[in-house]
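Below: one structure, written as C-alpha cells.
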Amino acid sequence: QGRVPNATGIPLGRQGHVDEIAATCLFLVSDDGGFITGQTIHVNGGAHYY
C-alpha cells in the first residue's frame with residue numbers, strides 16, 4: 001500500500017512522471033541544451049512559481 005499522491009497544490013493537477021524528469025535531463029545534456037549554464041530548472045508542473 002503506497003502513499004496517495006497529493007496534487008492539489010500543483011497547477012497541472014497531477015504528479016510528474018519519471019519520463020518527464022528524464023526528458024529534461026536528456027535535453028540539458030544534448031547539443032540543444034549546450035548554451036544553458038548555472039540555472040535552476042523546476043520540473044514540477046508549476047507547483048513552485050513566483
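Each residue of the sequence shown is one higher than the last, beginning at 1 in this note's numbering.
In this text, a Cβ means the ideal position worked out from N, Cα and C, and glycines have one as well.
From a predicted model like this one, the values you see are computed outputs, not experimental measurements.
Three-way DSSP call (helix, strand, coil) for residue i in this model
i: Ala22; result: helix
i: Phe35; result: coil
i: Leu12; result: coil
i: Val43; result: coil
Close Cβ partners of residue i (< 7 Å) along its chain, the five nearest in sequence each way excluded
i: Phe52; result: Only positions 1 to 50 of the chain appear in the structure, and residue 52 is not among them; the question remains open.
i: Gly13; result: Ala7
i: Thr37; result: none
Nonlocal neighbours in the same chain, by C-beta distance under 8 Å from residue i, ignoring five residues either side
i: Cys25; result: none
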